[in-house]
Amino acid sequence: MAKVISIINHKGGVGKTTTTLNLGKALAQNSSKVLMIDMDPQGNLSQICNIHTPEVQVVDAILDENKLPAIFVSENLYISPSNLELVDAELALAMKANGVYRLKRSISSIINTKEFDYVLIDCPPSLNVLTQNAMVASNDLIITVEPTYLASNGLDRVLDVVEEIKQDINHELNVAGIVFTMVDKRLAIQRDIKDQVSTLFGKDIPIYKTVIHRSVSLQEAAALCTDIFTHSPKSIAAQDYHDLAKEISNHG
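Mapped onto our numbering, the consecutive letters of the sequence shown carry residue numbers 1 to 252.
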């Protein structure tokens, strides 16, 4: 049965989409079959995968309760794409009593076929009904955190919403860990903030040993609409995501 993992944070620009893509690629290279779901109306993940105007997308599945599309990206890697039409779903789901269950229903048919080993959900930079759908549908959550004051501020609010979803709806929901992104080991302030986050939350939430270093190669790969392994397979960033995938696989 596929493990469903949401990549979340209510902040934008903290590496959610980059992590979804490159973690997915790393898992796929290790012979796992991976479906990425783009739950962000901005559609950045879809665009990086060169899908700009999807004929079938996430919004069609969750509003009509159909099976999610799975469009081929590369060997073992597929995507359910989105674009701004997902905003329509956000409004509709917010008005439905069972709106937070729609993604789970669409994913269930995929999980039951045992077609995929992992489903990775790229969440929008908010805690809205789309992110809540992802939480309800997930086994695990990975929280991406850039070690800056503004990016790490409000992490407690994310965890409050997670706890509400866990208590009221998805009792099996698990925060698999916090992964630090855009890390520059030369900056003392980043080290201090990492230590603060670890002190405040590390007793209750695992902190991944792997960190994702700030990298020009990652920016170049995104600009070229590709993943880090295709663009620069020997880069530090590629090694980081390889290590993160291994760490996640080893923890089930």
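Every residue gets a Cβ at the ideal spot worked out from N, C-alpha and C, and that includes glycine.
With a cutoff of 9 Å on beta-carbon distance, T181 and V145 are scored as near each other. Beta-bridge pairing by DSSP links L127 to no other residue.
Short of 7 Å from the beta carbon of A70, and not among the five residues preceding or following it, lie these beta carbons of its own chain, in chain order: L35, Y78, S80.
In the same chain as G177, and ignoring 5 residues on each side of it, the C-beta atoms closer than 7 Å to its own belong to I142, I205, P206, I207, Y208, in chain order. Take the alpha-carbon of L159 and the one of D140: they are about 13 Å apart. As for any alpha helix (DSSP H) of minimum length 4 sitting wholly inside the segment 53 to 78, the runs are 58 to 64, ordered along the chain. The DSSP-derived three-state label of I193 is helix. A residue is called buried once 16 or more other Cβ atoms fall within 10 Å of its Cβ, and H242 is buried on that count.
Pairing I228 with E85, the inter-Cα distance amounts to about 28 Å. Assignment of S109 by DSSP, reduced to helix, strand and coil, places it in the helix class. Relative to A61, the option among A89, I193, D240 whose CA is nearest is A89.
Taking a C-beta distance under 9 Å as the contact criterion, L130 and S106 do not qualify as a contact pair. Runs of the beta strand (DSSP E) lying entirely within the segment 8 to 40, each at least 3 residues long, are 34 to 38 in chain order.
The three-state secondary structure of L86, taken from DSSP, is helix. Per DSSP, the continuous beta strand (DSSP E) segment holding D122 begins and ends at 118 to 122. Three or more beta-carbon pairs drawn from the segment 111 to 124 and the segment 1 to 17 are found closer than 8 Å, and the two stretches are therefore classed as touching. In the three-state DSSP reduction, A2 falls in the coil class, being neither helix nor strand.
Secondary structure of V136 (DSSP, three-state): helix. One thing to note: V161 has its Cβ within 9 Å of the Cβ of L127. Of the candidates N30, L93, Q29, K33, L93 places its Cα closest to the Cα of V59.
Contact between S249 and N76 fails: their C-beta atoms lie close to 14 Å from each other, not under 8 Å.
The C-beta separation of E163 from K33 comes to about 32 Å, leaving the pair out of contact by the 8 Å criterion.
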